[in-house]
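Student: Numbering (UniProt numbering), first residue to last: 1 to 313.
Beta carbons are placed, not taken as given, at the ideal position from N, Cα and C, and that holds for glycine.
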């Protein structure tokens with residue numbers, strides 16, 4: 001049933017949506033949690049195969065997930081005939097001995113090196129979509145010193161790699177509204193920002209993406225990834241709706257995102273097969289007008305939480 005939200009003229013749970021010149025399922029898979037299966041490669045491969053069996057046709061990854069381990073899993077598990085779109089990201093690099101196991105890598109030469117590393121570990125000649133992860137908004141590390149790089153300089157190397165055929169399309173992450181406006185002439189396929197039912201700082205940015213035909217791919221879609229961030233699973237309205245529908249609060253939070261705007265694509269991550277199936281099932285959850293209005297009325301709390309530069313952690 002239609003929402004009063006102007007972004008949701010014809011919301012549809014599940015289904016498909018355009019993404020970087022393709023039509024994909026609105027529910028994909030975020031591969032970061034596969035790091036947890038570092039000691040059980042067989043289980044990790046089986047989970048990826050199960051995701052494909054359930055209809056996943058776009059998977060989000062990064063070279064710094066497990067210092068290349070996750071990309072190696074994708075190379076082994078995903079076959080050309082699966083027709084799965086692999087989406088990676090640059091802007092950080094593995095730092096296995098550091099306190100958080102990654103460091104910022106924002107300089108143009110580091111972005112190029114990141115794409116090259118992804119190509120090798122994924123075994124691809126071209127990565128369909130590569131997200132340039134900025135540090136301008138949302139929770140996470142903020143760039144300092146030489147890692148403060150102008151967006152135009154970064155887009156220049158990203159578009160050059162697209163012209164060279166190494167990248168199929170360019171996305172942006174942790175970007176501001178002004179940043180996206182500046183980047184539009186370069187051609188942007190998607191935006192990945194922290195966004196959830198309880199943290200909706202970027203409503204204007206989401207609206208711009210919808211107007212420009214840009215996919216909105218929220219990370220931290222249930223909030224709460226770091227201490228101090230609000231959690232969808234602790235939101236009374238989400239818990240009440242979940243109980244009334246016989247689903248979990250997490251499923252309510254993910255389903256709300258699908259209802260909220262037609263350009264939303266989900267990439268929930270997990271290392272557990274049952275959890276994977278529960279995530280995929282949110283495409284079948286529908287809300288009546290009253291339920292959707294109740295969820296839309298949930299107060300948004302700021303998602304701003306700075307972790308500081310790596311050396312200060």
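How far does the beta strand (DSSP E) with residue 58 in it extend, from its first residue to its last?
Tutor: First-last of the beta strand (DSSP E) with residue 58: 58-60.
Student: Run through DSSP, which three-state label would residue 182 get?
Tutor: Correct three-state label for residue 182: helix.
Student: Rank 143, 134, 151 and 159 by C-alpha distance to the C-alpha of residue 173 and give the top, closest one.
Tutor: 134
Student: For residue 197, does the three-state DSSP call read helix, strand or coil?
Tutor: Coil.
Student: When you compare the CB of residue 220 with every CB in chain D, is at least one pair closer than 8 Å?
Tutor: Given the protein chain composition of this structure (a single chain), no chain D is represented.
Student: According to DSSP, what are the bridge partners of residue 340?
Tutor: No answer is possible for residue 340: it lies beyond the span of the chain, which begins at 1 and ends at 313.
Student: Taking the straight line between their C-alpha atoms, what separation do you get for residue 179 and residue 164?
Tutor: 24 Å
Student: Report back the beta-carbon spacing between residue 167 and residue 115 to the nearest angstrom; my notes put them in contact at under 8 Å.
Tutor: With a beta-carbon spacing of about 6 Å, residue 167 and residue 115 fall inside the 8 Å limit used to define contacts.
Student: Among residues of its own chain, excluding the 5 on either side of residue 224, which ones have a beta-carbon nearer than 8 Å to its beta-carbon?
Tutor: For residue 224, same chain residues with a beta-carbon under 8 Å away, outside a window of 5 residues either side, are 230, 231, 232, 233 and 234 in chain order.
Student: Helix, strand or coil: how does DSSP classify residue 131 here?
Tutor: Secondary structure at residue 131: strand, using DSSP grouped into helix, strand and coil.
Student: Could you give the DSSP three-state label for residue 86: helix, strand or coil?
Tutor: Of the three classes helix, strand and coil, the one that applies to residue 86 here is strand, per DSSP.
Student: Are there 16 or more other CB atoms within 10 angstroms of the CB of residue 79, so buried, or fewer, so exposed?
Tutor: exposed
Student: Less than 8 Å between the C-beta atoms of residue 87 and residue 34, yes or no?
Tutor: no
Student: Hey, residue 244 and residue 222: beta-carbon distance below 8 Å or not?
Tutor: no
Student: Take residue 23 and list the residues in its own chain whose beta-carbon comes closer than 6 Å to its own, dropping the five residues that flank it on each side.
Tutor: 16
Student: Taking the runs of the beta strand (DSSP E) that are 3 residues or longer, which of them lie wholly in the stretch 40-119?
Tutor: Whole beta strand (DSSP E) segments, 3+ residues: 58-60, 85-90, 92-94 and 102-104.
Student: Name the two residues that bound the continuous alpha helix (DSSP H) containing residue 295.
Tutor: 289-296
Student: Taking DSSP as the reference, what is the three-state secondary structure of residue 23?
Tutor: strand
Student: What residue range does the alpha helix (DSSP H) around residue 217 cover?
Tutor: Where residue 217 is concerned, there is no enclosing alpha helix (DSSP H), given that its DSSP letter is neither H nor E.
Student: Let me know if residue 226 comes out buried or exposed under the rule of 16 or more other beta-carbons within 10 Å of its beta-carbon.
Tutor: exposed
Student: Could you round the C-beta distance between residue 197 and residue 238 to whole angstroms and report it? I think they count as a contact, below 8 Å.
Tutor: 6 Å
Student: By Cβ distance, which residues of its chain are closer than 8 Å to residue 155, with the 5 residues on each side in sequence left out?
Tutor: 132, 170, 183 and 186
Student: What residues are listed by DSSP as bridge partners for residue 170?
Tutor: 130
Student: Going by DSSP in three states, residue 283 sits in which element: helix, strand or coil?
Tutor: helix
Student: By the three-class DSSP mapping on this structure, what secondary structure does residue 236 have?
Tutor: In this structure, residue 236 counts as helix in the three-state DSSP scheme.
Student: In angstroms with no decimal places, state the Cα-to-Cα distance between residue 242 and residue 37.
Tutor: Distance between the alpha carbons of residue 242 and residue 37: 30 Å.
Student: Among 240, 63 and 190, which has the Cα closest to the Cα of residue 20?
Tutor: 190
Student: If you draw a straight line from the alpha carbon of residue 143 to that of residue 95, how long is it in whole angstroms?
Tutor: About 16 Å.
Student: Going by Cα to Cα distance, which pick from 106, 141 and 58 is closest to residue 99?
Tutor: Selected option, being the one with the closest Cα: 141.
Student: Taking residue 236 as the reference, give the member of 299, 27 and 192 with the closest Cα.
Tutor: Minimum Cα distance to residue 236 is reached at 299.
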